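Residue numbers (the UniProt record's numbering), protein chains in the order written: chain A, 1 to 274; chain B, 1 to 274.
In structure tokens, the structure reads:
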């Protein structure tokens, strides 16, 4: 993605800041119209997604949100944007701490910074997976993909696409038990490969366990589709008995490929790179 | 500026977040090419300004920076951007905590969030000016204006424009002594009017005290020019004996105009609104 190695440093996990006896988590995401956001997206859905994707980063850290800052590029639809902002902040009981508005012609850009308080230390990240761990995922895969094809219908899939739900409560419950955790924003396979590389190991996934999580006939696409904002995690065996997670594979010593699906490297591209 | 009243809430001061026994300060600024940044600006200067304007917001709070998150829209000049980022972060000893990079066609947008730790409470804001207070300003006015006309020369003015210096140390020294403080980003008159309105009083400024701070023959323009990132503050008489500030007026009970220059409302426009 980034052509400059130093700029790639900006792609890191959320920031973890020890602060007195507490630990702060800071995340920032930028959404660009036509890149992360469809040209015809409703402004209230844009506001929701902007906040939700940042809260999802906090969820993957097991963090409790303290608030968000929002940067909004003004347009014709500011009322709808503000309505969506109020909806998502109200739903997750998160205060709007500030931000800024700018006015400019052309392609619109939105930014959100979320700040949270870690509820457990060490704070989970993508680097802690260890050979012998089990690999788990929350929820369904590909629901947002179906939702994008079914936009505006009000179906469960439509809502999953337009109004992703950050898994704050589940993330907090899981955090003390995981060895690694991240949210799936760019597709399961791509994000699993990232976790494997960051942890210097191989994630070996089992198609038979993944298949029931994907919509019928869309298995390959669902594994490569982003926007679901489910959590990917590793940890001891048995977590599926205590939490709403599905075991999908195991962590192995690092091999030739950092990611295996039924023993073979999955076909590229693994997911959505932007 | 904003057409929607609720969106204007995003224009508030930096966020102040009580956190355990400490107080956190969070600021976010977005810079848009062609709006806040000239089309031909060097990417290293853009990176410097992006970080510096946020650190200036922390300076006005008397806060100590804990770090920044940077959102960078990739382009042809990423190396220069990263070089400028390293320069400004090194100069002020501020860690880069994270952020993101995005790739998109068209007008470029950059965002920065700075987080800081308050060094004194109550944290100064623009609402605390009281009748009887003196009004002070730091430094020179209009230096950035001269610098914009003299770009690339390497002069003091050129540097003031391209590489504004956040007054972190002076802000921390002043914070325990002020009743109100803010940085001047959109011109002295406009920001003084904002402070007066937020404090429900009138700021009465004295041209004879301001004139020596402005370049010869450019008095009216210098009072309306942004980008200087000096501090505007109110407090007891005598601060000029202890700190590098100039007394420029007094705070009065609120009158018909929230801002007076030699007893009269200054001519509109007061400054740079964007």
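Think of the CB as a built atom: it goes at the ideal place given N, C-alpha and C, for glycine as much as any other residue. Fair warning: this is a prediction, and the values are worked out from it, not measured in the lab.
Could you check whether the Cβ of residue i sits closer than 8 Å to any Cβ belonging to chain B?
i, result
"residue 121 of chain A", "no"
"residue 58 of chain A", "no"
"residue 227 of chain A", "no"
"residue 184 of chain A", "no"
"residue 102 of chain A", "yes"
"residue 66 of chain A", "yes"
"residue 276 of chain A", "Beyond the ends of chain A as shown, which are 1 and 274, falls residue 276 of chain A; an answer cannot be given."
Taking 8 Å as the CB-CB limit, is residue i close to chain A?
i, result
"residue 2 of chain B", "Residue confidence for residue 2 of chain B is low, a pLDDT of 30 falling below 50, so the modelled location carries little weight; the figure read from the coordinates is stated next. Yes, residue 2 of chain B lies at the interface with chain A (some Cβ there is under 8 Å from its Cβ)."
"residue 194 of chain B", "no"
"residue 14 of chain B", "yes"
"residue 250 of chain B", "no"
"residue 189 of chain B", "no"
"residue 69 of chain B", "yes"
"residue 97 of chain B", "yes"
"residue 106 of chain B", "yes"
"residue 243 of chain B", "no"
"residue 19 of chain B", "yes"
According to DSSP, which residues form a beta bridge with residue i?
i, result
"residue 247 of chain B", "B/136"
"residue 73 of chain A", "A/102"
"residue 65 of chain A", "A/116"
"residue 33 of chain A", "A/37"
"residue 261 of chain B", "B/205 and B/264"
"residue 18 of chain A", "A/23"
"residue 234 of chain A", "A/135 and A/180"
"residue 253 of chain B", "B/201"
"residue 96 of chain A", "A/68"
"residue 28 of chain B", "B/113"
Output the distance between the C-alpha atoms of residue i and residue j, rounded to the nearest integer angstrom.
i, j, result
"residue 67 of chain A", "residue 160 of chain B", "34 Å"
"residue 222 of chain A", "residue 167 of chain A", "19 Å"
"residue 237 of chain A", "residue 34 of chain B", "55 Å"
"residue 51 of chain B", "residue 65 of chain B", "11 Å"
"residue 10 of chain A", "residue 149 of chain A", "Note on residue 10 of chain A: pLDDT 46, under 50, position unreliable in the model; the coordinate value appears next. Near 32 Å, if we compare the C-alpha coordinates of residue 149 of chain A and residue 10 of chain A."
"residue 3 of chain B", "residue 112 of chain B", "A caution first: residue 3 of chain B carries a pLDDT of 30, below 50, which makes its placement in the model unreliable, though a value can still be read off. Approximately 24 Å between the Cα atoms of the pair."
"residue 275 of chain A", "residue 58 of chain A", "There is simply no residue 275 of chain A to check, as chain A begins at 1 and stops at 274 in what is shown."
"residue 54 of chain B", "residue 114 of chain B", "6 Å"
"residue 147 of chain A", "residue 228 of chain A", "10 Å"
"residue 138 of chain B", "residue 234 of chain B", "11 Å"
"residue 94 of chain A", "residue 219 of chain B", "46 Å"
"residue 87 of chain A", "residue 210 of chain B", "47 Å"
"residue 5 of chain B", "residue 215 of chain A", "With a pLDDT of 35 at residue 5 of chain B, under the threshold of 50, the modelled position of that residue is not reliable, and no figure is offered here."
"residue 258 of chain A", "residue 141 of chain A", "21 Å"
"residue 108 of chain A", "residue 32 of chain A", "6 Å"
"residue 75 of chain A", "residue 30 of chain B", "16 Å"
"residue 183 of chain A", "residue 116 of chain A", "16 Å"
"residue 248 of chain A", "residue 122 of chain A", "24 Å"
"residue 8 of chain B", "residue 84 of chain B", "Bear in mind that the predicted position of residue 8 of chain B carries a pLDDT of just 39, short of 50, making it too unreliable to give a figure here."
"residue 71 of chain B", "residue 260 of chain A", "33 Å"
"residue 230 of chain B", "residue 27 of chain A", "29 Å"
"residue 40 of chain B", "residue 39 of chain A", "28 Å"
"residue 187 of chain A", "residue 268 of chain A", "12 Å"
"residue 106 of chain B", "residue 73 of chain B", "10 Å"
"residue 263 of chain B", "residue 194 of chain B", "18 Å"
"residue 90 of chain B", "residue 225 of chain B", "28 Å"
"residue 135 of chain B", "residue 145 of chain A", "58 Å"
"residue 14 of chain A", "residue 25 of chain A", "7 Å"
"residue 36 of chain A", "residue 124 of chain B", "38 Å"
"residue 173 of chain A", "residue 43 of chain B", "44 Å"
"residue 61 of chain A", "residue 82 of chain A", "27 Å"
"residue 254 of chain B", "residue 130 of chain B", "10 Å"
"residue 239 of chain B", "residue 18 of chain A", "36 Å"
"residue 266 of chain A", "residue 202 of chain A", "13 Å"
"residue 169 of chain B", "residue 243 of chain B", "11 Å"
Say yes only if the C-beta of residue i is nearer than 7 Å to one or more non-hydrogen atoms of the ligand NAD, and no if none qualify.
i, result
"residue 236 of chain B", "The ligand NAD is not among the ligands present in this structure, which contains no ligands whatsoever."
If residue i sits next to residue j, beta carbons under 8 Å apart, how far is it from one beta carbon to the other, in whole angstroms?
i, j, result
"residue 270 of chain A", "residue 190 of chain A", "4 Å"
"residue 199 of chain A", "residue 180 of chain A", "6 Å"
"residue 163 of chain A", "residue 77 of chain A", "At roughly 17 Å, the Cβ-Cβ gap does not stay under 8 Å, so residue 163 of chain A and residue 77 of chain A are not in contact."
"residue 250 of chain B", "residue 196 of chain B", "Contact doesn't hold; Cβ gap of about 12 Å is too wide."
"residue 119 of chain B", "residue 63 of chain B", "7 Å"
(message) For the segment 108-134 of chain B, list every residue whose C-beta sits within 7 Å of some C-beta in chain A, in sequence order.
(response) 109, 111, 113 and 115
(message) Give me the subset of the segment 21-55 of chain A whose CB atoms are less than 9 Å from a CB atom of chain B, sorted by chain position.
(response) 21, 22, 24, 26, 27, 28, 29, 30, 31, 32, 33, 34, 35 and 36
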